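Engineer:
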Amino acid sequence: MIRRLTVWLVVIVTALAAGIALGGGPLSDIGDAPSQAATPPAKHTDPLADARAEFADAFPGSVGTELYAGRLAGQAVAVLTLPGADQELVDQLSNEVAAAGGEVSGAYALKRALLDVGEKTLVDTLGEQIVEQLGGDMVSADATTYDRIGQLIGRAVAARSEKSALAAGKVASLRASLKGARLLGVPDDEPQLASLVLVVTGHAVEPLILQGLVSGLAAAPLGVVVAGPTLDPGLASLRAEPPSRPVTTVDGTDVPAGRVATTMALVAAVTAPGGSFGASGSDGPVPLG
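Add 2 to a position in the sequence shown, counting from 1, and you land on the number used in our numbering.
Written out as structure tokens, the structure is:
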């Protein structure tokens, strides 16, 4: 009897050993079970995320009309786009100007040749020729290459007042020269001169060129606002080395709040040009004065 039990025990132990070795025994599933460490953590989604995003998008637009309160009424805005500017953004900003009671007088395109370092001689020579043809009082006597061309573009699109505006014939001649040299894209309908200028950023521009250009632009209108997306490198360069004339910068146009801030910057520029606003502006998110 004992011998028979011993034989059975040997058989059972042998079978178990073979099962474990071959992975077919009762412990074989242990090795196949995934460990907790290897199991990827479950993704937790915020059920309120969409609602928050919709609120963040809708809120600036809802309060914008109250903030604007027609404060751009009687003001015309010339929109100048750098190469690579987002046309959808330009349209959105134009709509905000209209919501504030203003009018976009015309949309002008600053061309690549104007901003290309390799075309500096062309820009310099053309600027000198235009001043010689239209009169030395067109620009300041100490203007450098890009400050000069900026002043000329400024006078082609804007004026602080009717008294300071160029005569219609000179405006037409100036626009034709800039367009013919492929430095500036001009609308076909010969828009009126604006009182404010909005520059919309695009591709990166050599900082010294951008600085000189917008400084020159600021000599003609009541104010110039340069706007672009959050942490735009062009705006960062203008803030690091401010132009010689007051220019307002606004970043954050990639969200509704930034577009509202841009419109409020145009409002403020009528009486107090300058300042750094928007998502990373040193003077706050929006001028409220």
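Note that CB positions come from ideal geometry on N, CA and C, so glycine has one too. Bear in mind the structure is a predicted one, so any value in this text is a computation, not a measurement.
From Ala111, Glu105, Val173, pick the residue whose C-alpha is nearest to that of Gln135; which is it?
Structural biologist: Val173
Engineer: Could you say which of His205, Arg157, Gln131 lies nearest to Ser197 if we only look at CA atoms?
Structural biologist: Arg157
Engineer: Note the first and the last residue of the continuous alpha helix (DSSP H) segment covering Gly283.
Structural biologist: Run containing Gly283: none; DSSP gives neither H nor E here.
Engineer: So Gly230 is in the beta strand (DSSP E); what residue range does that whole segment cover?
Structural biologist: 225-230
Engineer: Tell me whether the beta-carbon of Val199 lies closer than 7 Å to the beta-carbon of Leu219.
Structural biologist: yes
Engineer: Mind pulling the alpha helix (DSSP H) runs of 4 or more residues that sit fully within the stretch 108-188?
Structural biologist: For the stretch 108-188, the continuous alpha helix (DSSP H) assignments of 4+ residues that do not extend past its boundaries occur at 114-117, 122-136, 147-159, 170-182, in sequence order.
Engineer: Within 10 Å of its beta-carbon, does Gly260 have 16 or more other beta-carbons around it, so buried, or fewer, so exposed?
Structural biologist: buried
Engineer: Using the DSSP secondary-structure output, state which residues sit across from Thr250 in a beta bridge.
Structural biologist: Val227, Gly277
Engineer: At what residues does the alpha helix (DSSP H) containing Ala271 begin and finish?
Structural biologist: In the DSSP assignment, Ala271 falls within the alpha helix (DSSP H) that extends over 258-271.
Engineer: Beta-carbon within less than 6 Å of Ser166's beta-carbon, same chain only, minus the 5 sequence neighbours each way: which residues are those?
Structural biologist: Here Ser166 has no same chain residue with a Cβ atom under 6 Å from its own Cβ, once five neighbours each way along the sequence are excluded.
Engineer: Just tell me which of Thr83, Glu90, Ala78 has its CA closest to the CA of Ala100.
Structural biologist: Ala78
Engineer: With DSSP run on the structure shown, which of helix, strand or coil describes Val81?
Structural biologist: strand
Engineer: Compare the C-alpha of Leu69 against each of Ala281, Pro275, Leu268, Gly283 and name the closest.
Structural biologist: Leu268
Engineer: DSSP on Ile22, reduced to helix/strand/coil?
Structural biologist: The pLDDT assigned to Ile22 is 36, lower than 50, so where the model puts this residue is not dependable; a value taken from the coordinates is nonetheless given after this. Of the three classes helix, strand and coil, the one that applies to Ile22 here is helix, per DSSP.
Engineer: Just to confirm, is the Cβ distance from Val216 to Val188 under 7 Å?
Structural biologist: no
Engineer: The alpha helix (DSSP H) spanning Leu195 covers which residue range?
Structural biologist: Secondary structure note for Leu195: it is in no alpha helix (DSSP H), with a DSSP letter that is neither H nor E.
Engineer: Taking only the alpha-carbon atoms, compute the straight-line gap between Val288 and Thr251 and give it to the nearest angstrom.
Structural biologist: 11 Å
Engineer: Note the first and the last residue of the continuous alpha helix (DSSP H) segment covering Gly218.
Structural biologist: 209-219
Engineer: Spatial neighbours of Ser284 within its chain, please: CB distance less than 8 Å, with the 5 preceding and 5 following residues excluded, ordered by chain position.
Structural biologist: Arg241, Ser278
Engineer: CB Thr255 to CB Leu117, shorter than 7 Å?
Structural biologist: The answer is no: Cβ separation not under 7 Å.
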